[in-house]
């Protein structure tokens, strides 16, 4: 049985942001998860600004506690379109910033590719 506010439906764990430690403690690689709520998108340039703001004692543009960031690359809109498509970018590009963001409450990341040992250790500690 899973702890936390997540529930199971159709063999998938349903989570709602913001997440708590209890929501994610039992997640395993390969689990199917449905996420309701806000998911922020940001790439490495934004992550750098987030960490700089934290280190300067400034407020972030959103509350980081319990949030998920989708690592999205730039996706310009085609002519006549309001927005462009959104696809994942390489997670390792955020590795220099991720441990600090995890320390400040980030609970989930969506991206592609491998993570550094430092990030893996930070995830375990968070």
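Numbering (this note's numbering), first residue to last: 52 to 177. Where is the CB? At the ideal position from N, CA and C, for every residue including glycine.
In the structure shown, what three-state DSSP assignment does residue i receive?
i, result
"residue 84", "strand"
"residue 173", "helix"
"residue 53", "Because residue 53 sits at a pLDDT of 44, beneath the cut-off of 50, its placement in the model cannot be relied upon, and the point is left open."
"residue 65", "strand"
"residue 72", "helix"
Look at the Cβ atom of residue i, then the Cβ atom of residue j, and state whether they are nearer than 9 Å.
i, j, result
"residue 141", "residue 120", "no"
"residue 136", "residue 164", "no"
> Which ranges does the alpha helix (DSSP H) cover as unbroken runs of at least 4 residues, wholly within the stretch 90-177, from first to last along the chain?
Replying inline: 95-106, 149-154, 168-176
> Between the stretch 101-115 and the stretch 155-175, are three or more C-beta pairs nearer than 8 Å?
Replying inline: yes
> Would the stretch 94-106 and the stretch 135-151 be scored as touching if the rule is three or more Cβ pairs under 8 Å?
Replying inline: yes
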